[in-house]
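Presented below is the structure to which this report refers.
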Amino acid sequence: MKLLETLKDQISGTPRLVRDGAGAKLTAAHRLPSSGDELKTVFRIIGFGGAAAILVAQYRPDTPPDPNANIFLEFGNTVVAGLSNAVARLGDVIEQGTLDVPLESLHGWGLALAFLGGVTVFRHSGLFDLYTYLTNREHVRIAVDRETLTLRRGTYGLPKRFARDGIQDVLILPNHKTGHDVMLQHDGKLTRLASIFGDLTRPTLFKLKLDEALAEPTKPITTKSIRFLQEYR
Numbered sequence: 001m002k003l004l005e006t007l008k009d010q011i012s013g014t015p016r017l018v019r020d021g022a023g024a025k026l027t028a029a030h031r032l033p034s035s036g037d038e039l040k041t042v043f044r045i046i047g048f049g050g051a052a053a054i055l056v057a058q059y060r061p062d063t064p065p066d067p068n069a070n071i072f073l074e075f076g077n078t079v080v081a082g083l084s085n086a087v088a089r090l091g092d093v094i095e096q097g098t099l100d101v102p103l104e105s106l107h108g109w110g111l112a113l114a115f116l117g118g119v120t121v122f123r124h125s126g127l128f129d130l131y132t133y134l135t136n137r138e139h140v141r142i143a144v145d146r147e148t149l150t151l152r153r154g155t156y157g158l159p160k161r162f163a164r165d166g167i168q169d170v171l172i173l174p175n176h177k178t179g180h181d182v183m184l185q186h187d188g189k190l191t192r193l194a195s196i197f198g199d200l201t202r203p204t205l206f207k208l209k210l211d212e213a214l215a216e217p218t219k220p221i222t223t224k225s226i227r228f229l230q231e232y233r
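In terms of the UniProt record's numbering, the sequence shown is residues 1 to 233.
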């Protein structure tokens, strides 16, 4: 049962504190606050931009490119002409007041709306959460011994060390409107330990685990604990 709980924590990234003879180690993985509005805005741009590109590709004029023309000017003219033709085709269908029109008149619009609808459904489904969990999350590893706290964020991040005597508090501060920062207050300064997407649940659990690690002095870090911090380099 304990093995299953450990495996579940590793997959979900839930903050996990492990004590051994060498000290205390805290590991966590969580989505970043940018998994909220920022990535949703990106997918909105992809949706509308992709739909516009489909309309241009379907309704652009069938004229051969001029090898002597400016490539950027030619591209701009193609985009404007393609969108204008798409609007004109749709206007013709509306004027007729019936959908009994040749399929090619609405084929481009159908593809564009299908693409936009697919992106919208993806953005509002659990697949979007899975995507951000796999592509936009942060791994945090903290080791605590009698004298120092060692922090490492990300796979290739360099470790940062803080003297235990200088640590004053662990704080939770809002990060934009889609997440929170867990901050270490030390020597009159603030250092970010983790940026976590969502409500206060996971940041609070992270803080409680770290407070627990800092509550009791532990033995100095041994070669085993140093290897734990270096194994992700």
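Even for Gly, the Cβ is constructed at its ideal location relative to N, Cα and C.
Asked, Found
"Which residues in the same chain as Y131 place their Cβ atom closer than 6 angstroms to its Cβ, once the five residues preceding and following it in sequence are excluded?", "none"
"Rounded to whole angstroms, what is the Cα-Cα separation between G49 and N70?", "23 angstroms"
"For L151, does the count of other Cβ atoms within 10 angstroms reach 16, so buried, or fall short, so exposed?", "buried"
"Looking at C-alpha atoms only, which residue of R164, T135, D66, A28 is the closest neighbour of L39?", "T135"
"Which of helix, strand or coil does DSSP assign to G179?", "strand"
"Just the C-alpha distance for T204 and A81, rounded to the nearest angstrom, thanks.", "55 angstroms"
"Leaving out five residues on either side along the sequence, give the residues of the same chain with a beta carbon under 7 angstroms from the beta carbon of P174.", "H180"
"Hey, A213 and L26: beta-carbon distance below 7 angstroms or not?", "yes"
"Does DSSP classify T63 as helix, strand or coil?", "coil"
"On the three-state DSSP scale, how would you describe S195?", "strand"
"Between the alpha carbons of T178 and D37, how many angstroms are there, rounded?", "7 angstroms"
"State the DSSP-derived secondary structure class of E212, mapped to helix, strand or coil.", "helix"
"Over what stretch of residues does the beta strand (DSSP E) that includes G23 continue unbroken?", "23-31"
"Determine the contact status of R60 and T41, defining contact as a CB-CB distance below 7 angstroms.", "no"
"Can the beta-carbon of F206 be found closer than 7 angstroms to that of A28?", "yes"
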